[in-house]
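Asker: Every number in our numbering is 26 more than the matching position in the sequence shown, counting from 1. The beta-carbon is built from N, C-alpha and C at its ideal position, and this holds for glycine as well. Next up is a structure, given as structure tokens.
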Amino acid sequence: MEVIYEDDDILVIDKPAGQATQSSRIGEKDLESECRKYRKQKGESPEIYVVHRLDQPVSGLLLFAKNKNAAAVLSKDMQQFGFIKEYKARVLKPEQGFVSINHLEDYLIKDSKSNTSRVAKSSTDPGAKRAALSYVTTGEDEETAEVLIKLDTGRHHQIRVQFANAGMPLLGDLKYGSEKSKMLSGVLGINSVCLRAYRLTFRHPTSHKEMEFVLNR
27 MEVIYEDDDI LVIDKPAGQA TQSSRIGEKD LESECRKYRK QKGESPEIYV VHRLDQPVSG
87 LLLFAKNKNA AAVLSKDMQQ FGFIKEYKAR VLKPEQGFVS INHLEDYLIK DSKSNTSRVA
147 KSSTDPGAKR AALSYVTTGE DEETAEVLIK LDTGRHHQIR VQFANAGMPL LGDLKYGSEK
207 SKMLSGVLGI NSVCLRAYRL TFRHPTSHKE MEFVLNR
């Protein structure tokens, strides 16, 4: 992991793709454990709190709290005001082309047993929760496009499920991708989901000042 910023209350890291934020599996290396080890090596208390998560295949900005008070304030802020989370992704271009209004809104149902989510047929389906995001296209070639995504809600596998449902599966996504996107990913040598959390904005738990972090790579 790469430390982007830290102070007495928070730790912001650049999460590598393929590593779990938090894991209950014995022997599996996760970011929570790495952060504890990092603090201990610095001679600090290994206390660390998970504030939000990124899916295991996803890379990018991840925030941890370094004490119980900071964790409580950040969790409350996230529920009341939300963090601003923005992502970069590479997707398969839709056959019908991009629309002028780049907004996706669905209702998702999570299946904990299979660790997957799907788009509900109706908003009244049991377990269905609203999922919304907006996106802009920043570049494209003959078959793929680069998009910037801003989440309005934070649902399980939201970006991957919604883009796949809209005919724009993320490259490298073996769980939700189409046969075409999987084949193209193989041809291009892409073996991980092309999704990166590149911008994160939130209020500092002590100073209450707005904190913004941006990854340029």
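What did DSSP end up calling LYS155 once you bin it into helix, strand or coil?
Answerer: It is a strand residue.
Asker: Would you give the residue range spanned by the alpha helix (DSSP H) that MET209 belongs to?
Answerer: Counting along the chain, the alpha helix (DSSP H) containing MET209 begins and ends at 205-214.
Asker: Extract the residue ranges of the alpha helix (DSSP H) inside the segment 47-88, only unbroken runs of 4 or more that lie entirely within it.
Answerer: Counting only runs of 4 or more, we get 57-67.
Asker: Less than 8 Å separating the beta-carbons of ILE30 and ILE39?
Answerer: Cβ atoms of ILE30 and ILE39: closer than 8 Å.
Asker: Helix, strand or coil for VAL162 per DSSP?
Answerer: Note: VAL162 maps to strand in three-state DSSP.
Asker: Bridge partners for SER218 per DSSP, in chain order?
Answerer: Looking at the DSSP assignment, SER218 forms no beta bridge with any residue, so it has no partner.
Asker: Where LEU159 and PHE109 are concerned, what is the direct C-alpha to C-alpha distance, given to the nearest angstrom?
Answerer: Taking the straight line from one Cα to the other gives about 13 Å.
Asker: Pull up the DSSP beta-bridge partners for ASP40, would you.
Answerer: Answer is GLU28 and LEU87.
Asker: Near PRO231, which residues of its chain fall below 6 Å by C-beta distance, leaving aside the five closest residues on each side in sequence?
Answerer: Excluding residues within five positions, the ones whose Cβ falls inside 6 Å are ASP35, ALA96, VAL99 and LEU100.
Asker: Tell me which residue opens and which closes the alpha helix (DSSP H) that MET104 is part of.
Answerer: Element bounds for MET104: 94-106.
Asker: Taking the DSSP output, what are the residues bridged to GLU131?
Answerer: Answer is ALA158.
Asker: Using CA atoms only, rank isn't needed, just tell me which of TYR75, LEU197 and ALA146 is closest to GLY212.
Answerer: Nearest of TYR75, LEU197 and ALA146 to GLY212, Cα basis: LEU197.
Asker: Name the DSSP beta bridge partners of LEU241, please?
Answerer: Note: LEU241 sits in no beta bridge, so no partner.
Asker: Within a Cβ cutoff of 7 Å, which residues of the same chain sit near ILE135, ignoring the five residues on either side of it in sequence?
Answerer: So the qualifying residues of the chain are SER143, ARG144, ALA146, ASP151, GLY153 and ALA154.
Asker: So, does the segment 158-178 touch the segment 84-96, judging by three or more C-beta pairs under 8 Å?
Answerer: Not touching, per the Cβ criterion.
Asker: Tell me whether THR164, by its Cβ, gets closer than 7 Å to a heavy atom of the ligand COA.
Answerer: The ligand COA is not part of the structure shown, which contains no ligands of any sort.
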